[in-house]
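Student: Have a look at the structure that comes next, please.
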Amino acid sequence: MTDVIHLLPDHVANQIAAGEVVQRPASVIKELLENAIDANASTIQVYIKEAGKILISVIDDGSGMSITDSRLSFERHATSKIKAAEDLFQLQTKGFRGEALASIAAIAHVELKTRREEDEVGTCIKIEGSQITSQEVCVTAKGTSISVKNLFYNIPARRNFLKSDTVETRHIIDEFQRVALAHPGISFSLVHNTGELFNLPASNYRQRITNILGGKSNEKLVPVNEETEILKISGFVGKPEYAKRTRGEQFFFVNDRFIKSPYLNHAVSAAFEGLLKDRAYPSYFLYLHVDPKSIDINIHPTKTEIKFDDEHALYAILRSAIKHSLGQFNVAPILDFERDPNLDTPYNYENKRASTPQVEVDRSFNPFKNEALTSSNYKSNFKKESSSWESLYTGLQSETIGNDIDVRQIEFESEEVTGNLFGASNTEETQSSTFQLNKKFIISTLKNGMLVIDQHRAHTRILYEELLKSITVSAAVSQQLLFPLVLQFNQQETELLKGIKDSLEQTGFIFSEITANSAEIIGIPTSISESEVEMLLEQLLVDFQNEVPENNFSHTDLLAKSLAKSMAVKSGNLLNATEQQHIVNGLFACKEPSLTPFNKPVFITLPVEELEKKFM
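Going by the UniProt record's numbering, the first residue of the sequence shown is number 1, and it counts up by one from there.
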């Protein structure tokens with residue numbers, strides 16, 4: 001038999017590595033931005049076309065590369081960040097594996113232009129699918145410019161798996177924001193097609209957050225600062241009253257690297273315990289600085305997960321620091337047993353002398369003055385107390401009450417009920433044939449068994465079909481608000497809101513104005529309350545950011561799905577008999593009562609035969 005194990009060619013190995021490193025255009029943006037930061041750039045410009053599928057260009061004014069370095073940078077495991085395995089625990093840079101450029105070059109057309117400050121001319125290299133097609137001298141500015149064109153051109157399956165341009169752009173913006181928030185001292189700009197999405201000057205942390213999320217976000221931030229031997233914490237948390245229904249504004253940075261940590265996220269939630277509304281999530285922008293020896297970054301290809309030596313200590317310190325900040329800035333209620341500020345002397349009374357109070361007494365006041373007059377004019381209509389209870393009714397037939405009205409002419413209510421308040425037909429209707437189980441299911445009877453309906457899914461199906469009809473056929477009824485409702489959004493959310501404004505107005509919303517950071521609403525659908533509007537729109541924008549279709553029908557369908565899911569009655573809500581019957585009737589008036597808009601079953605039937613088998 002011949003040998004069966006052999007080494008893979010470099011271009012095949014690079015394509016395999018690209019499957020982990022480059023998942024979508026946003027992954028390319030992240031890797032190129034981190035390389036620019038490691039090159040000590042002070043200005044970074046990003047240009048993309050068609051959500052990065054056609055072009056991704058990152059230009060920086062960093063240190064640049066020599067001819068040899070520029071050629072070697074596209075080889076696998078070629079890096080300037082580390083030299084030995086021990087350096088993995090002393091990392092001060094973003095990259096260290098040396099796989100990013102090799103993986104990108106394996107699945108795209110790449111053009112690199114770079115020049116060091118001491119060099120007179122730069123180097124231009126063009127690569128297609130790991131193959132260098134040209135290398136020549138060029139005139140270019142100090143720094144590095146990398147253009148990635150036709151991503152996944154040689155892997156059509158991966159290209160087909162990409163989402164719509166809107167979704168991919170949303171992922172690019174997310175990665176761009178994470179890097180920009182971690183490095184406020186660097187100037188960033190992002191241009192998509194011909195429109196500039198971001199232009200962020202060099203600033204401090206607070207200004208960078210405000211520039212990305214909008215000017216109104218400044219008043220929402222509470223600073224957090226704590227320094228211990230283990231950990232140094234800085235950054236900001238959002239005030240509880242500005243908590244959102246989604247987790248969009250939650251950022252952890254460890255040594256200026258964005259990470260995802262459910263464990264540390266729980267520490268933040270624990271610090272806000274008792275301050276947030278139900279199903280609300282706090283906003284936070286927290287920068288953690290720890291000893292590089294105490295963490296392990298090399299556990300995930302995207303480097304967004306980190307292992308800590310002592311997670312329990314970090315949890316306790318983080319929770320305490322946030323609680324301290326919330327109390328220090330009077331965001332959370334505090335207990336002070338030393339003094340009560342309400343008992344402090346006001347400033348304008350501090351230097352005044354106490355004066356003797358003047359007491360005036362009416363010495364002629366007599367509370368019994370009119371008692372004799374009152375008792376003499378009082379005539380009782382009742383007889384003196386008799387020796388037995390039968391005497392109370394003596395002479396009752398001959399006496400009259402009030403204006404000579406005979407007691408015998410007064411009609412009294414009989415013990416027997418002669419009428420029905422609701423009528424016979426209404427009595428039968430109020431005897432409901434439905435029953436609510438565990439505040440989640442509606443039980444109804446059938447001729448041959450029992451029907452079990454999920455109340456949330458059923459209501460979602462009902463509202464979905466009603467909303468589709470409102471959007472596509474006739475506009476829904478709107479209720480005017482007495483006072484306009486102003487909601488705060490960031491720039492990306494308001495742009496998305498403008499795109500779906502016409503469809504939302506068909507469902508009953510009325511917008512008077514949509515600015516760069518807010519939306520003013522003067523009318524809402526009759527089926528929702530004013531307190532639910534903010535939560536409903538936040539969830540709607542999240543759904544659209546994650547999955548925005550390209551054609552108009554799907555656009556309408558997604559809008560109806562998102563609104564129906566948010567507006568439907570939730571599991572755990574107690575329904576009376578009328579509401580239960582309304583859901584049952586409304587469900588079976590739908591075109592597709594058996595499935596939700598998300599293709600999940602709405603109800604099940606239990607035939608009598610199955611019930612009888614349970615008792616055998």
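Here a beta-carbon is modelled for each residue, glycine too, at the ideal position from N, C-alpha and C.
Where does residue 599 sit, in a helix, a strand or coil, going by DSSP?
Tutor: Along the sequence shown, one-based indexing puts residue 599 at 599. Correct three-state label for residue 599: coil.
Student: Taking just the CA atoms, how far does residue 317 sit from residue 28?
Tutor: Here residue 28 refers to the residue found at position 28 of the sequence shown. Here residue 317 refers to the residue found at position 317 of the sequence shown. A direct Cα-to-Cα measurement between residue 28 and residue 317 gives close to 35 Å.
Student: How many angstroms separate the CA atom of residue 280 from the CA atom of residue 176?
Tutor: Against the sequence shown, residue 280 aligns to sequence position 280. Against the sequence shown, residue 176 aligns to sequence position 176. Distance between the alpha carbons of residue 280 and residue 176 is about 26 Å.
Student: What residue range is occupied by the uninterrupted alpha helix (DSSP H) comprising residue 221?
Tutor: In the sequence shown, counting from the first residue as 1, residue 221 sits at position 221. Not the alpha helix (DSSP H): residue 221 falls in the beta strand (DSSP E), residues 221 to 227.
Student: Less than 7 Å between the CB of residue 508 and some heavy atom of the ligand COA, yes or no?
Tutor: The ligand COA is absent from the structure shown, which contains no ligand whatsoever.
Student: Is the number of C-beta pairs between the region 479 to 496 and the region 508 to 518 that are closer than 8 Å three or more?
Tutor: Enough Cβ pairs lie closer than 8 Å, so yes.
Student: Residue 218: which of 497, 52, 367 and 242 sits nearest, CA to CA?
Tutor: As a working note, residue 218 is residue 218 in the sequence shown. Comparing Cα positions, the closest option is 242.
Student: Taking residue 670 as the reference, give the member of 524, 525 and 571 with the closest Cα.
Tutor: There is no way to answer for residue 670, as the model of the chain reaches only from 1 to 616.
Student: In its own chain, which residues sit with a C-beta less than 6 Å from the C-beta of residue 146, not counting the 5 before and 5 after it?
Tutor: Residue numbering aside, residue 146 sits at position 146 when the sequence shown is read from its first letter. The residues are 32, 58 and 112.
Student: If you compare alpha carbons, which of 284, 331 and 486 is closest to residue 275?
Tutor: Residue mapping note: residue 275 aligns to position 275 of the sequence shown, counting from 1. Sorting 284, 331 and 486 by C-alpha distance to the C-alpha of residue 275 places 331 at the top.
Student: With a threshold of 16 other CB atoms inside 10 Å of the CB of residue 138, please say whether the residue is buried or exposed.
Tutor: Walking along the sequence shown from the start, residue 138 turns up at place 138. So residue 138 counts as exposed.
Student: Could you tell me whether the region 442 to 453 touches the region 475 to 485, using the rule of 3 or more Cβ pairs below 8 Å?
Tutor: no
Student: Comparing alpha-carbon positions, which option in 590, 530, 49 and 162 lies nearest residue 194?
Tutor: By 1-based counting over the sequence shown, the position of residue 194 is 194. If we check each option's Cα against that of residue 194, 49 comes out closest.
Student: Run the CB neighbour count on residue 288, radius 10 Å, all protein chains shown included, and call it buried at 16 or more, exposed below.
Tutor: Counted from its first residue, the sequence shown places residue 288 at position 288. Buried.
Student: Rounded to a whole number of angstroms, what is the C-alpha to C-alpha distance between residue 605 and residue 482?
Tutor: Within the sequence shown, the letter at position 605 stands for residue 605. Within the sequence shown, the letter at position 482 stands for residue 482. So the two alpha carbons sit approximately 46 Å from each other.
Student: For residue 44, which residues does DSSP report across the bridge?
Tutor: As a working note, residue 44 is residue 44 in the sequence shown. Paired residues: 60 and 188.
Student: Identify, in the order they occur along the chain, each residue of the same chain with its Cβ nearer than 6 Å to the Cβ of residue 143, setting aside the five sequence neighbours on each side.
Tutor: Residue mapping note: residue 143 aligns to position 143 of the sequence shown, counting from 1. Within the same chain, residue 143 has close Cβ partners 60, 61, 62 and 64.
Student: Might you give, ordered along the chain, the residues of its own chain that have their beta carbon closer than 6 Å to the beta carbon of residue 526, omitting 5 neighbours on each side?
Tutor: For the purposes of this step, residue 526 is taken as the residue at position 526 of the sequence shown. Here the set comprises 477 and 479.
Student: Cutting at 6 Å between CB atoms, please list the residues of its own chain near residue 135, excluding the five before and the five after it.
Tutor: The count along the sequence shown starts at 1 and reaches residue 135 at position 135. Closer than 6 Å at the Cβ level, and outside the excluded window around residue 135, lie 125.
Student: What does a CB cutoff of less than 6 Å around residue 399 pick up in its chain, not counting 5 residues either side in sequence?
Tutor: Position 399 of the sequence shown holds residue 399. Confidence at residue 399 is low in this model, with a pLDDT of 48, below 50, so the placement of that residue should be treated as unreliable; the coordinate-derived value is given next. Here the set comprises nothing.
Student: Where do the ends of the alpha helix (DSSP H) carrying residue 614 lie?
Tutor: By 1-based counting over the sequence shown, the position of residue 614 is 614. Here the alpha helix (DSSP H) through residue 614 covers 608 to 614.
Student: State yes or no: is the C-beta of residue 180 within less than 8 Å of the C-beta of residue 200?
Tutor: One-based indexing of the sequence shown puts residue 180 at position 180. One-based indexing of the sequence shown puts residue 200 at position 200. If you check the CB distance, residue 180 and residue 200 come in under 8 Å.
Student: Measuring CA to CA, which of 587, 467, 71 and 532 is closest to residue 503?
Tutor: As a first step, residue 503 is located in the sequence shown; it is residue number 503 there, counting from the start. That would be 467, whose Cα lies nearest to the Cα of residue 503.
Student: Taking C-alpha atoms, which residue in 434, 46 and 170 lies nearest to residue 450?
Tutor: Here residue 450 corresponds to residue number 450 of the sequence shown, with the count starting at 1. The residue with the shortest Cα to Cα distance from residue 450 is 434.
Student: I'd like to check one pair, residue 141 with residue 115: are the Cβ atoms closer than 8 Å?
Tutor: As a working note, residue 115 is residue 115 in the sequence shown. As a working note, residue 141 is residue 141 in the sequence shown. In this structure, residue 115 places its C-beta atom within 8 Å of the C-beta atom of residue 141.
Student: Compare the Cα-Cα distances from residue 536 to each of 21, 235, 40 and 246 and report the closest residue.
Tutor: Taking the sequence shown and counting its residues from 1, one reaches residue 536 at position 536. When each option's Cα is compared against that of residue 536, the closest is 246.
Student: Look up residue 183 in the DSSP assignment and give the residues it is bridged to.
Tutor: Translated into positions along the sequence shown, residue 183 becomes position 183. Beta-bridge pairing links residue 183 to no other residue.
Student: Does the Cβ-Cβ distance between residue 43 and residue 261 come in under 8 Å?
Tutor: If you number the sequence shown from 1, residue 43 lands on position 43. If you number the sequence shown from 1, residue 261 lands on position 261. With respect to the 8 Å criterion, residue 43 and residue 261 are not classified as neighbours on the basis of their beta carbons.
Student: Closest to residue 221 by C-alpha separation, out of 206, 531 and 229, would be which residue?
Tutor: Here residue 221 is taken as the residue at index 221 of the sequence shown, counted from 1. Of 206, 531 and 229, the residue nearest in Cα terms is 206.
Student: Starting from residue 452, trace the beta strand (DSSP E) both ways and give me its first and last residue.
Tutor: Residue numbering aside, residue 452 sits at position 452 when the sequence shown is read from its first letter. Taken as a continuous stretch (DSSP letters only), the beta strand (DSSP E) holding residue 452 covers 449 to 454.
Student: If I follow the unbroken alpha helix (DSSP H) through residue 208, where does it start and stop?
Tutor: Within the sequence shown, numbered from 1, the residue matching residue 208 stands at position 208. From DSSP, the alpha helix (DSSP H) with residue 208 extends over 205 to 213.
Student: Run through the DSSP bridge pairs and tell me what residue 178 is partnered with.
Tutor: Here residue 178 corresponds to residue number 178 of the sequence shown, with the count starting at 1. Partner(s): none; residue 178 has no beta bridge.
Student: Helix, strand or coil: how does DSSP classify residue 74 here?
Tutor: For the purposes of this step, residue 74 is taken as the residue at position 74 of the sequence shown. Note: residue 74 maps to coil in three-state DSSP.
Student: Start and end of the alpha helix (DSSP H) containing residue 217?
Tutor: The sequence position of residue 217 within the sequence shown is 217, counting from 1. Unbroken run through residue 217: none, as it is neither H nor E.
Student: Just tell me which of 509, 235 and 603 has its CA closest to the CA of residue 529.
Tutor: Position 529 of the sequence shown, counting from 1, holds the residue named residue 529. Nearest C-alpha to residue 529: 509.
Student: Of all the options 539, 229 and 52, which has the alpha carbon lying nearest to the alpha carbon of residue 560?
Tutor: In the sequence shown, residue 560 corresponds to position 560, counting from 1. Of the listed residues, the one whose Cα sits closest to residue 560 is 539.
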